[in-house]
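Asker: Quick note: the sequence shown uses UniProt numbering, first residue 1, plus one each step. Even for Gly, the Cβ is constructed at its ideal location relative to N, Cα and C. Only a predicted model underlies this, so the values are computations on that prediction, with no experimental measurement involved. Take a look at this one; I'll ask things after.
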Amino acid sequence: MDNAKYHKGLPLDTLKYGNKKSVLQDACTVYGISFTNEMKAALCKKLSVHVSKIDIEVVSLARAAGHEVVYTPPYHSDLQLIEIVWAIVKCQDGRQYTQVTTFKDVRVQLMKSFEDLTPSSIKGCIHKTDMQLNKLAAYNKEQHEGDASDSDSSSSSNDSIER
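Structure follows, in structure tokens:
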């Protein structure tokens, strides 16, 4: 999944600064957090440790269904299969626009473009994404191995200095 902010929403009942002070005080009581007559900001600060441990809603849903959410690195839409499919559809539709194209026409064209997607097109998108993932994995492995050899050489040079 991409790292878009709208994918990382907390459950609706998550405590927020906008909650009434009494709601924040009740939450402190529930979580065993002591408080006196603190301001909302102080209560929020105390509760922030608890709030930071709450799973993002989509992560909770995925885990409940036995899945794990993995986020793609920023600026890698080429790893998002839907982005590649969407590019194909937009390209097909873009060729059909005229000055008199209406929103209704756009909807009809979009629906037709999605219907016209062939299994081989989708397979090609999957293949392209797999190729990109393999390239990224190879790069990450190369970087990790380089870091490991750098730390080995620096530790051996430190050993020789200490002797």
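Note down the Cα distance separating C28 from A4, rounded to an integer number of angstroms.
Answerer: 31 Å
Asker: Just list the alpha helix (DSSP H) runs in the segment 41-88, keeping only unbroken ones of 4 residues or longer that don't cross its boundaries, in chain order.
Answerer: 57-64
Asker: If you drop the 5 nearest sequence neighbours on each side, which residues of the same chain put their C-beta closer than 7 Å to that of E57?
Answerer: G9, L10, P11
Asker: Taking 8 Å as the threshold, find out whether the segment 72-88 comes into contact with the segment 120-129 through three or more Cβ pairs.
Answerer: yes
Asker: Thinking C-beta only, is V70 closer than 8 Å to V59?
Answerer: no
Asker: Taking just the CA atoms, how far does S34 sit from S77?
Answerer: 46 Å
Asker: Tell me the residue span of the alpha helix (DSSP H) that contains M111.
Answerer: 103-116
Asker: Under a Cβ-count criterion, where at least 16 other Cβ atoms within 10 Å of its own Cβ denotes burial, should I82 be classed as buried or exposed?
Answerer: Burial check for I82: the Cβ neighbour count within 10 Å stays below 16, so the residue is exposed.
Asker: What are the boundary residues of the alpha helix (DSSP H) that includes V23?
Answerer: 21-30
Asker: Taking only three categories from DSSP, how would you classify I122?
Answerer: For I122, the three-state secondary structure derived from DSSP is helix.
Asker: By alpha-carbon positions, which one of A138, Q92, Y6 ends up nearest to F114?
Answerer: When each option's Cα is compared against that of F114, the closest is Q92.
Asker: Does DSSP put L136 in a helix, in a strand, or in coil?
Answerer: helix
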